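Position 349 (the sequence shown) corresponds to 351 in the working numbering; numbering is contiguous.
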Amino acid sequence: MKRKVSNSKQRISVRMRLVAAFVISVLLSFVVGILSNLAATYIAPKFENQPKLIYTALGITFFLSLPITVYLFLKSLPKDDESSNSLMTLATQIPDMPEQAFIGRETFVGEIMAALRDPNGKWIVAIDGMGGIGKTALAAKVAKQCLSEKLFDAVVWEKAASKDGIQNQQSSEPSLNFEMVLNSIAEQLGVRDILKLDFEDKKARIGVLLRTQRVLIVLDNLETAGIFGNEVEHQNSLANQLRSLLNPSKAILTSRYRFEGELYRIRLTGLDRTDALRLIRQKAEHDNILRVKEAGDEEIEPIISETGGSPLALKLVVGQLDYLDLKLVLEKLREVRLPPGDIDENEYIRFYKFIFLRSWKLLSKDAQKLLISMRRFEPGVGGTRDAIARVSRLNDDELTSNIEELLRLSFLEVGKSRSLKEQLRYYLHQLTKNFVLSDLL
């Protein structure tokens with residue numbers, strides 16, 4: 003991690019440069035004074051009849067020293083773009099994302115920025131959603147906008163380590179615990195002396211730092227932070243511990259699993275038709291896939307419906323259309339079949355494993371059965387609680403518990419409702435249904 007320079011250190015540096023410029027100015031004036039005395043004592047008698055020459059020499063000496071003094075003084079002043087250069091340094095570890103990654107998320111960016119600006123709002127913004135839906139991209143966009151608007155003095159970005167969606171199943175240690183978070187904050191804000199302290203003193207010092215400066219802390223990929231089987235509880239514990247240190251500093255957390263507690267929640271789902279079309283067009287233009295660039299909207303429609311607007315799935319499909327027919331690509335996406343023998347996994351199997359397999363193994367047996375029964379409903383439409391009860395044959399308490407479990411692990415989505423009298427509908431994303439019907443289970 004790169005060491006960051008705090009604003010207080012920058013101000014001290016500026017003051018030291020001003021003092022140095024003043025000292026140099028005094029020394030130059032002293033040198034000019036000595037030269038004047040020497041000239042008056044030793045040189046002037048030799049030029050009694052030419053006083054103008056003496057004054058001219060002294061004037062030249064003075065005017066030679068003056069611009070040097072002025073230059074040193076001006077150089078010591080902080081430049082207008084000094085703070086922006088610092089912000090650019092602070093932004094270096096925020097992941098760079100292509101513009102395609104932000105398509106369709108403009109409303110969410112505005113909503114999160116408003117929440118972060120609100121001094122009386124929640125101290126933590128929690129972004130959740132299935133894998134590949136754009137959580138990291140959204141957090142990165144917001145973090146960079148916060149720096150450009152100077153809403154925060156610094157951004158700390160920490161990602162829970164994970165190569166893929168099924169890592170850490172045998173690990174007995176979390177990949178990111180709260181002390182690691184504290185260490186990351188200390189490292190990135192350039193206060194490395196804190197690293198030597200014990201946990202309680204470290205927590206206290208970081209707390210003072212976060213209450214005296216405005217810092218945005220981003221913890222990404224928290225679904226992989228905990229020990230396998232304890233991920234949801236672990237991410238909620240991290241959120242609760244971090245919250246006690248915030249104000250005016252704030253935090254953004256991302257995970258595939260829903261957060262609990264006092265948080266400002268953002269739930270990401272698939273892109274709508276218009277935004278999915280934009281992403282497909284931009285991806286095809288960027289990769290110069292001519293057959294997609296020149297395709298009509300009606301030809302692209304099946305891609306949108308089969309991917310459910312998932313940005314990761316859209317990019318996978320568009321990329322494969324450079325050398326495969328659309329029908330074949332969509333069949334591979336829809337019908338996931340394990341290859342026989344020792345044949346290597348294809349991109350589609352790795353794709354579904356990355357998004358779903360780890361979370362599937364976290365589900366209870368009853369929740370797995372409910373998920374499988376949900377395949378009878380149309381993706382994106384689903385059914386009411388009563389309809390799901392009839393299909394699953396679960397009693398009321400079991401149904402409530404298992405629906406909550408599927409929602410928490412992002413297997414189930416809730417339809418929008420504008421009336422308390424209207425029954426909620428629960429549905430599967432198209433990719434979730436494909437996974438349920440696949441050979442991976």
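For every residue, glycine included, the Cβ atom is placed at its ideal position computed from N, Cα and C. A quick note: this is a predicted structure, and the numbers were derived from the prediction, not measured.
8 Å Cβ cutoff met for Thr256 and Leu224: Going by C-beta atoms, Thr256 is nearer than 8 Å to Leu224.
CA nearest to the CA of Leu191, picked from Ser177, Asp200, Thr214 and Arg387: Comparing Cα positions, the closest option is Thr214.
Pull up the distance between the alpha-carbon of Asp299 and that of Glu333, whole angstroms please. Their Cα atoms are separated by approximately 20 Å.
Please report the straight-line C-alpha distance between Ala141 and Arg119, rounded to a whole angstrom. Cα to Cα, the separation comes out at about 15 Å.
Which residue or residues does DSSP assign as beta-bridge partners of Ile129? According to DSSP, which records beta bridges pairwise, Ile129 is partnered with Thr256 and Ile268.
Here's the rule I'm using: 16 or more other beta-carbon atoms within 10 Å means buried, otherwise exposed. How should Arg107 be labelled? So Arg107 ends up on the buried side.
Rounded to a whole number of angstroms, what is the C-alpha to C-alpha distance between Arg420 and Leu426? Distance between the alpha carbons of Arg420 and Leu426 is about 10 Å.
Mind checking which residues open and close the beta strand (DSSP E) that includes Ile219? Element bounds for Ile219: Val217 to Asp222.
From Val294 to Pro313, what does the alpha carbon distance come to, in whole angstroms? Distance between the alpha carbons of Val294 and Pro313: 16 Å.
For Leu292 and Asn179, the rounded distance between their alpha carbons: Those two C-alpha atoms are separated by around 47 Å.
Find the nearest neighbour of Leu270 within the set Leu184, Ile135 and Gln432, judged by alpha-carbon distance. Per the Cα distances, Ile135.
Contact check, Tyr266 vs Glu233 under 8 Å by CB: the rounded distance? Between Glu233 and Tyr266 the Cβ distance is about 21 Å, and since that is not below 8 Å, they are no contact.
Taking the CB atoms as reference points, tell me whether Ser177 and Ala163 lie closer together than 8 Å. It is a contact, given that the beta carbons lie within the stated cut-off.
What does Ala139 pair with, by DSSP beta-bridge criteria? Per DSSP, none; premise fails for Ala139.
Determine the contact status of Ala145 and Ile105, defining contact as a CB-CB distance below 8 Å. One thing to note: Ala145 has its Cβ no nearer than 8 Å to the Cβ of Ile105.
Taking the alpha-carbon of Gly228 as reference, which of Gly272, Leu422, Glu424 and Lys161 has the nearest alpha-carbon? Among Gly272, Leu422, Glu424 and Lys161, the Cα nearest to that of Gly228 is on Lys161.
The ligand SAH and Val193: does any heavy atom of the ligand fall closer than 7 Å to the residue's C-beta? As for the ligand SAH, it is missing from this structure, which has no ligand bound.
In whole angstroms, what is the alpha-carbon distance linking Glu424 and Asp289? The alpha-carbon of Glu424 is positioned some 45 Å away from that of Asp289.
Among Pro381, Ile374 and Ile405, which one has its Cα closest to the Cα of Asp388? Across the set Pro381, Ile374 and Ile405, the C-alpha of Ile405 shows the shortest separation from the C-alpha of Asp388.
Determine whether the beta carbon atoms of Pro381 and Tyr429 lie at a separation below 8 Å. Taking 8 Å as the Cβ cut-off, Pro381 and Tyr429 qualify as a contacting pair.
In whole angstroms, give me the CA-to-CA distance for Arg410 and Asn397. Their backbone Cα atoms lie some 20 Å apart in a straight line.
Quick one: measure Cβ to Cβ for Val220 and Trp159, integer angstroms, because I've assumed they're closer than 8 Å. Confirmed, about 5 Å.
If we count the other Cβ atoms within 10 Å of its Cβ and call it buried at 16 or more, is Ser366 buried or exposed? Exposed: under 16 other Cβ atoms inside 10 Å.
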